[in-house]
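Numbering (my numbering), first residue to last: 6 to 136.
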């Protein structure tokens, strides 16, 4: 069997940078959170800066949705951190679940909202302002 030498298409430096970026991305991947469950994981956006919110647990018992622009871990390129408050996950999850159940039980509310021109959206800042 013949084996030919194949030239590299990326430099060693580029390969190392890609490995580091992959490692960083994997550490933030939601699939790596095997301990806690969040109803709205990867679905909540910050009402202040519009970035994605991440689900996090503090002191092993307090669950929150936190703007990814709050600190420099997810977005090291930003200079000014987002001022949004942490959103209590249980409170937001319960509110959204109750609204979802209401829509399922009374689907005519969707028709009424559409005909009235109402825009439906979930915004973390709205929930944070109520907390």
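Glycine is no exception: its CB is placed at the ideal position from the N, C-alpha and C atoms.
Check                                                                                                                                 : Outcome
Whether residue 94 touches residue 73 by CB criterion (8 Å)                                                                           : no
Bridge partners - residue 61, DSSP secondary structure assignment                                                                     : 69
According to DSSP, residues forming a beta bridge with residue 92                                                                     : 70
According to DSSP, residues forming a beta bridge with residue 16                                                                     : Bridge partners of residue 16: none, in fact.
Between the CA atoms of residue 83 and residue 19 - distance to the nearest angstrom                                                  : 24 Å
Alpha-carbon to alpha-carbon, residue 10 and residue 60                                                                               : 47 Å
Within 8 Å, strictly: CB atoms of residue 45 and residue 98                                                                           : yes
Contacts around residue 29, its chain only, beta-carbon distance under 7 Å, and the 5 residues preceding and following it disregarded : none
CA-to-CA distance, residue 7 to residue 129, given in whole angstroms                                                                 : Summary for residue 129: the model assigns pLDDT 36, below 50, so the residue's position carries little reliability, and this model does not support an answer.
Residue 25 versus residue 17 - alpha carbon distance                                                                                  : 12 Å
Residue 52, buried or exposed, once every other Cβ within 10 Å from all chains shown has been counted against 16                      : buried
C-alpha gap between residue 27 and residue 119, whole angstroms                                                                       : 43 Å
Distance, residue 31 Cα to residue 75 Cα                                                                                              : 20 Å
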